[in-house]
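Numbering (the numbering used here), first residue to last: 78 to 248.
All C-beta atoms in this analysis are idealised placements derived from N, C-alpha and C, irrespective of residue type, glycine included.
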């Protein structure tokens, strides 16, 4: 299957409705339309990084500058950002709203994604990071707003897992 352009539009609309105008991201297949929309939107600042751990520092800087922001990353990228999440966001109570492409979950056809899909949820739990699943395009805007609000009120990382149903339009 291919990435759903329509569902990506709804995710992007949810990001904007949450008041977010600053995104850090590393390009990934499921995020392609989100990144294109952010890049084409004069109201949005998109910082593409070489490593996801860089995105943690940039997002923290945006927060300290008073700019609502979020991180777009794949679950394998989340693993690469763990040091920054622990040593910066968790240690210094920095809110991080993370939209994570949840690759390697049920229905995953590519073997290189499966281990990450199996480990994402247990790692989030072990780190004490609240998370939810975005499956329904009709609910994703509300879920993004709620995840962003929780990250701010808890001064903590929060993750919204973008599922195959949402990103490939299976629902």
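Helix, strand or coil at residue 177 [DSSP, three-state]: Residue state, collapsed to three classes: strand.
Among 205, 237 and 246, nearest to residue 184 - alpha-carbon criterion: Among 205, 237 and 246, the Cα nearest to that of residue 184 is on 246.
Contact set for residue 94: own chain, Cβ-Cβ below 6 Å, skip 5 residues either direction: The beta carbon of residue 94 sits closer than 6 Å to those of 218, all from its chain and outside the five residues before and after it, given in chain order.
Proximity of residue 150 and residue 158 at Cβ, strictly below 8 Å: By the CB criterion at 8 Å, residue 150 and residue 158 fall inside the cutoff.
Separation of residue 161 from residue 134, as counted between CA atoms: If you draw a straight line from the Cα of residue 134 to the Cα of residue 161, it comes to about 7 Å.
Any 3 or more C-beta pairs closer than 8 Å across the stretch 121-133 and the stretch 197-213: Under the 8 Å Cβ criterion, the stretch 121-133 does not count as touching the stretch 197-213, having fewer than three qualifying pairs.
Whole beta strand (DSSP E) elements within the stretch 110-195, 3-residue minimum: Entirely contained in the stretch 110-195, the beta strand (DSSP E) runs reaching 3 residues are, in chain order, 122-125, 146-151 and 173-178.
Opposing strand residues paired with residue 102 [DSSP bridges]: Under DSSP, residue 102 takes part in a beta bridge, and its partners are 125 and 149.
contact_flag[the stretch 184-194, the stretch 204-218] where n(CB pairs < 8 Å) is 3 or more: In this structure the stretch 184-194 does not touch the stretch 204-218; the number of beta carbon pairs closer than 8 Å is below three.
Distance between beta carbons of residue 229 and residue 211, contact taken as under 8 Å: So it is not a contact: roughly 19 Å between Cβ atoms.
Backbone secondary structure at residue 224 - three-state DSSP: Collapsing the DSSP output to three states places residue 224 in a helix.
From 147, 195 and 214, residue whose alpha carbon lies closest to that of residue 115: Measuring from the Cα of residue 115, the nearest candidate turns out to be 147.
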